[in-house]
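Below is one structure, written out as structure tokens; comments come after it.
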Amino acid sequence: MPSSSTPGTIRQLTKPEYRNWLALGHALTTELRHGLRPFVTREMETFYRNMSARVAGPCTCVHILRRRPNQYHDMRTCQWALILQAHHDKNRPNWKQSDSRKWIDPVLGPWEIAKLFLPDLGGHADIKSADDMDIAGILNLMYWCNHFIVPQPLIKAVRDTRNDKWVHVPQLELSDADKRVAFDTIENMLQDPSISPDPDVQQALREVNNLRHVSDLQSMEAQVLADLKEVLTKEISSINNNLTMLMEESARNKEQQNQLQEQHEILKNKLDDLNLTRLPEDNQTWPIIFGNLIGNLIRSMRVRKIHLKSWFILMLLCHLCIILEDSYDGDETLLKFGVDPNVQCDERMLSSSTGSLTVGMMLPTPCPCGFASLHIAAKHGYHSVAEMLIKYKADPDAFDCNGSTPLHIASCHNKPSLITLLVNSGVDIDARSLNGSTPLHSAASCFSKDIFGHLFDLGCDYRATDDEGMTALHYVVKDIAHVGFEYFADLYVTIPRGWIEKHSGASETIISELDTQYPWLNTFIKLVELVSRKEKAYKITALAMYDHRNRTVFHILEEKTNAFIYLTGSNRLSESFLVLSLTPLIPSFDIVISERVKNRVVALNKPYEQALVATSLKKVISRAYTSTFTKFNCSDLLDYVRRHYVYAANTLLQAGVGVNCRGASGLTPLLVYLRIGGRHMSKVLVKHNVKVDIECGDTFVDSVFHLASYHKLHYLHYLYEYLMGNDNWQKYLQTENALFDYFLDKYDEHVDKRYLKTIRTGDGPLTLAILSHPDGSNVIDECFDAEGYNALHRAAQGANLVAIEKFLSLGANISVKTHDGFSPLWLSVLYAVKYRPFLNLEVPSALTALEVEFASLSALTILNHLQKNGTLDIGCSEKRSDLTLYHVAATRGMWQFITHLLSSSKVIGVDVNCPNKDGITPMYLAMFIGGDSCEWHSPWCIVVDVIKSYGGTLRYPSLEAEYFLIYNIFFGMNPSKLFLELTEDEILTLQEGCGRDECRKYKAANVNLFRTSNEIDRIHVDYQKKVDKCSSFIAECPADIKRGLPHFTIVVYFLDRQQALKFRFLDTRNSLVTFLDAEIERLKKLLFSASRPHAEMPCRKAPKDNKPKEDTIDMCYQFRGKQDLETLLHKYYRIYKGNLDLILEKSDEVKSHMPVNGRLPRFLTKMNFALADYDTSLNCDWQAIAIKYVQLSFQVRNLNYWIQVSHETSTVPSVSGFLSKRMEGAILQHSEESLKLIFKLASGHPTEAFNYLRILRFTRPPMWYETFSDVGNFGQGMGP
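At position 892 of the sequence shown the residue is numbered 892 (full-length UniProt numbering), and the sequence of numbers has no breaks.
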């Protein structure tokens, strides 16, 4: 505890140690706390939303004292409790301090749940938000709730720093060295990729870093001291509560308590007098003194319950084991007095009978539940004590409360001599605990990797499984809370360019740097290595063994990491060889396969090492091996190369398989590798003298020359260095030969001052092939593959920076273009994003970011070479009818390249906004592709920031341009002509007619179809009555009608016919309007849902007759065996239009019979006006209906494209928040501008003006299928 002296004097503030302590306090309680609060708030709200969606209603559990295992919740039925328990790192939530009635409250629920992950809060349990939590509470929540993915060791380190360096200190002081360590600990956590993108965390990191150098801390002193006072007050309150509880429990056995305290005081005084730190040199004196002490103690104890006496003796024995180590005379004295060596610590005794006060004073740590004396000796490695205990009949097979034997304990705590002693004493090396686990399981669970070899030497069964079917390999990973970037640590080499070393060499070297934070990784590889050496008779390796939940060790690892998503932007590729080759899985199997190959081979030939036998003898061995082995195993070598088994391929080549052999398919190992790409296999092939031939005119996938220039996925060598952050990456790039290519340069290993170094020693096989070619270096420019690319083109396309620099140094011409008209500079930009499965570039992807990095470096190298002899004209102009290189680079996220374009004096014709004729700017394109959320270190967000820094502003193009952009980039195609059941004259009418005066009244509802129709009905009835009357009573017939009665009768007759058709027409018309309104609304909702921000979603195959629920939207689903909506829409409209035309025809027929001798009779004037109004209302009504028909046709077209893409790629396309808003304006909102777009789509050639947008489409790179097996939608739909 801190001293009680009053801090804050001027003298104290001048002490550097006191200022260091204040700085740490402020960093923890203010900056770190404020920086983490928003992050914790968002994560808890997300956790709460996810959990609420999985439960049916509120928790209704009641407290039942005798219910087991949980008196607060029924674990058989309570969904809340089951989910919450699963999210606690130890499956032990603090149920008693959380009110489950508040869980259902969306405001209080997240924070009532947060209490479950906190230690006892006592009277400080009123938590309603993150603002109510101190830094200790925040750290505990992040540590114990496995929803948070911040690595636990980082959180624990900060928590320990808070406790040991700021709160529980003897004086309010901190040394400079401790301050550096403390601040490093805080910054390490804040820099973890799981939280570092958060802006509040970034601000906290800056403030904490500033505090390292602040010397004037007087303004912070009062708050830091107040925070400390609050912490100490809470701790004292908690201690008082615990003491009260203990006193209440102890009161029930006060007699035993008094006796025990009395004996404790006697013992403590005598032990103090003995001064154990300086034991008597006389070996005979100590046993006599100690024997008398023990004898008096045993005889003087008057405790009725014998188990208390046994427990007390055990406590003394434990204490002596810890202090005396191998000086065991005192222990033997105890045993001679008859103390039972098999007495065990009992959880019930510790908690109720003795009280924590005695235990805490007797032992540095409480005695683990069920431990016997032999367990304690095994834990601490006291060999002599253990021997003596076994001599006095200590049970070597005794179980503790967890079922562990002393052998399990010794294995966990890395005590080889104890393991040997116990096994030699008859303990089974595969002794089983209560859950069926063996000592090897214990060693694996405790990461005691150094004991594995000893257990293997003693004959342990490494394939043994516990009661759940888990092997020791499962145990290494089963309790890991989260697996982060360490999953992609390069296990083959110490540095990227280094030669692959022995399994125990490079792996241990590189992982030793991670061992503190990620001990499981080193442990895992060590165990894999030992297992692989033992695996001979088994067809199924232990790596592939499943537990009872049908999981291998790699399934468990996959459950604990989101690394796959962060690597590729998708979690659907966890079984891709691209991904697996970067994880421990492939190196693990590689080690196993390599060891199996070695077991079948007598001698290994290493052409890259100094000869150990005569060359002639090696040739004989190689020929003999090849004649009996190789012809069957060139296919094995091809398979190992295909599976990225670097060690196994190297071993097989050492065994004599020819590096240039051909399999049954005609492929060589080099061709197989160059088609799949990867890391390290190129080193193996080159070291074994692979041959590189130069052939021109071959297809790219068969041309070694062009494939090696492209060198697919060569940048994976640097992935882990890149993942370690920008500072580490920039530092790495400054090292000698940081970027390398074994095909171009030769590298060898040399010992320099006892360190093994990999240095460049000459040219690689590709360079030698170029230099030895009859055309010399001209072959780079002149040798094209069948697709029209030369070697520099392929190097630029593959972002092979080393090859680009090599070729340029050999005189390659950067002005030579491909047969498609692209220069190396354009190719480096167009193919910046390559091996990504899905077009969801707003989603974080480390691989894509690395690809963009290398593409930028490649483009800059080419550009710098070009600028040696002149300038580059970008050509920005608002009259430009296409896009510039600047535009395309923005869509590829090439911020470094763009920075150079905007800053270089040798780049001309560049404007920071650079709009073209359609108003498309680079900044807009970067946001269109990468979104605007910027929740990760997105290259596209950096592009936007760079452009803004040079004065750029966001501008939006026309709606028409946006629509064509969406289709070209999002769907990979230009929208084709929109088919409408409209003639060109009708389209022209709709384009121009919506503004006519006669329809303005119609729109304003002054005139409508039903009013004019009713007027015709009224006149028709009136005329019919007059005809009937005149026919029956001619005398009463009006004079004007009487004179023209025959003509009047004919007109009424034709009006009858028109009226008969009108009712059918109106029925058809009303049905169509109802259909249009309903479908427009339905499709609007469907398209709105589809265009909402979301990541890519897989389409799941449904049974043939399956139909989605009516209240769900399934973008992947199409009705089977039914007319599609587009066909149905056109059919309904044709029926309506046919009836409309017929009713207009009959109206014209009526009007044609009305005149007499070219003049309209007066008695028909009213009918003429009514028919004219009716015809006008029919025309205006048709325009309104036709507009709806056009709009619905447009929506159906968009939906059909969406469904088509979803079905072709089995994926619903991903949509960023920014793109969603733009889609809403271009597709969903109806306006005059959108109508113009629709009518343009309905014209004959709607896409020609926007053909230039094709350049923005993301094209699948060469051999994309070999990497992703057609899983994904990246580069799909490359139509016209």
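Just so it is clear, CB atoms sit at the ideal spot from N, CA and C, and this is done for glycine as well.
Test item: CB-CB of residue i and residue j under 9 Å
{"i": "Leu978", "j": "Ser1193", "result": "yes"}
{"i": "His454", "j": "Ser433", "result": "no"}
{"i": "Pro110", "j": "Asn94", "result": "no"}
{"i": "Ala795", "j": "Ala786", "result": "no"}
{"i": "Leu716", "j": "Gly677", "result": "yes"}
{"i": "residue 1300", "j": "Lys526", "result": "Within the shown structure, residues of the chain are numbered from 1 to 1280, placing residue 1300 beyond reach of any answer."}
{"i": "Thr921", "j": "His887", "result": "yes"}
{"i": "Ala791", "j": "Ser858", "result": "no"}
{"i": "Asp748", "j": "Thr735", "result": "no"}
{"i": "Phe743", "j": "Val692", "result": "yes"}
{"i": "Asp1175", "j": "Ser1152", "result": "no"}
{"i": "Lys746", "j": "Gly725", "result": "no"}
{"i": "His711", "j": "Asn650", "result": "no"}
{"i": "Glu173", "j": "Glu17", "result": "yes"}
Same chain, Cβ closer than 8 Å to residue i, neighbours up to 5 away in sequence not counted
{"i": "Asp273", "result": "Only weak support is given to the placement of Asp273: the predicted model assigns it a pLDDT of 44, under 50, and the value that follows is read from those uncertain coordinates. Within the same chain, Asp273 has no close Cβ partners at all."}
{"i": "Tyr924", "result": "Leu954, Arg955, Tyr956, Pro957"}
{"i": "Ala1242", "result": "Lys977, Leu978, Phe979, Leu980, Leu982, Ile987, Val1190"}
{"i": "Val592", "result": "Val528, Val531, Ser532, Glu535, Thr541, Leu543"}
{"i": "Arg1011", "result": "Ser1177"}
Same chain, Cβ closer than 7 Å to residue i, neighbours up to 5 away in sequence not counted
{"i": "Asn813", "result": "Asp781"}
{"i": "Phe577", "result": "Arg643, His644"}
{"i": "Leu1087", "result": "Gln1195, Asn1198, Leu1199, Ile1227, Leu1228"}
{"i": "Asp467", "result": "Asn435, Gly436"}
{"i": "Cys345", "result": "Leu314, Cys367, Pro368, Cys369, Gly370, Phe371"}
{"i": "Leu1237", "result": "Leu959, Glu960, Tyr963"}
{"i": "Ile480", "result": "Trp520, Lys560"}
Contacts around residue i, its chain only, beta-carbon distance under 6 Å, and the 5 residues preceding and following it disregarded
{"i": "Tyr1189", "result": "Tyr1133"}
{"i": "Asn130", "result": "Rather than Asn, the amino acid found at residue 130 in this sequence is Ala. Counting only Cβ-Cβ distances below 6 Å, and skipping sequence neighbours, we find Arg37, Val40, Thr41."}
{"i": "Thr1267", "result": "Leu578, Tyr835"}
{"i": "Tyr1023", "result": "Val1052"}
{"i": "Thr626", "result": "In this predicted model, Thr626 has a pLDDT of only 42, less than 50, meaning its place in the structure is not dependable; the value taken from the coordinates is given anyway. The answer, listed in chain order, is Gly656."}
{"i": "Leu582", "result": "Phe488"}
{"i": "Asp1181", "result": "Leu1009"}
{"i": "Thr523", "result": "Phe447, Lys449, Val476"}
{"i": "Tyr328", "result": "Reliability of the predicted coordinates at Tyr328 is poor, the pLDDT of 47 falling under 50, and the value obtained from them is presented with this limitation in mind. Within the same chain, Tyr328 has close Cβ partners Ser384, Val385, Met388."}
Nearest-angstrom beta carbon gap, residue j and residue i [assumed within contact, 8 Å]
{"i": "Leu638", "j": "Val672", "result": "5 Å"}
{"i": "Val231", "j": "Met189", "result": "In fact, because the Cβ distance is near 20 Å, the residues do not count as touching under 8 Å."}
{"i": "Leu1219", "j": "Gly931", "result": "7 Å"}
{"i": "His88", "j": "Phe117", "result": "6 Å"}
{"i": "Val208", "j": "Phe183", "result": "7 Å"}
{"i": "Tyr950", "j": "Leu990", "result": "Contact doesn't hold; Cβ gap of about 45 Å is too wide."}
{"i": "Val224", "j": "Leu491", "result": "Going by Cβ atoms, the distance from Val224 to Leu491 rounds to 45 Å, so no, they are not a contact pair."}
Test: residue i CB closer than 9 Å to a CB of chain B
{"i": "Leu980", "result": "Absent from the structure: chain B. Only one protein chain is present."}
Ordered list of alpha helix (DSSP H) runs contained in the segment 449 to 506, each at least 4 residues: 452 to 457, 472 to 478
Do the segment 1135 to 1150 and the segment 1196 to 1208 meet, that is, are 3 or more Cβ pairs less than 8 Å apart? no
Decide if the segment 874 to 881 is in contact with the segment 961 to 969; the criterion is three or more beta carbon pairs, one per stretch, under 8 Å apart. no
State whether the segment 131 to 140 contacts the segment 462 to 479, with contact taken as three or more CB pairs (one from each stretch) at a distance under 8 Å. no
Should the segment 725 to 739 be called in touch with the segment 819 to 829, which here means at least 3 C-beta pairs below 8 Å? no
Touch check for the segment 161 to 180 and the segment 191 to 200: three-plus C-beta pairs under 8 Å? no
Counting only runs that start and end within the segment 100 to 141, where is the alpha helix (DSSP H) found for 4 or more residues in a row? Taking only runs of at least 4 residues, the alpha helix (DSSP H) segments lying wholly in the segment 100 to 141 are 109 to 114.
Count the CB pairs spanning the segment 855 to 872 and the segment 911 to 921 that are closer than 8 Å, and state whether there are at least three. no
Can you confirm whether the segment 563 to 572 touches the segment 691 to 699 when touching is taken to mean that 3 or more C-beta pairs between the two stretches lie within less than 8 Å? Segments in contact, no.
Complete runs of the alpha helix (DSSP H) confined to the segment 715 to 764 [at least 4 residues]: 719 to 723, 726 to 733
Sequence ranges, alpha helix (DSSP H) only - wholly within the segment 1135 to 1191, length at least 4: none
Would you say the segment 50 to 65 touches the segment 77 to 86, given that touching needs at least three Cβ pairs under 8 Å? Between the segment 50 to 65 and the segment 77 to 86, the count of Cβ pairs shorter than 8 Å is three or higher; the stretches touch.
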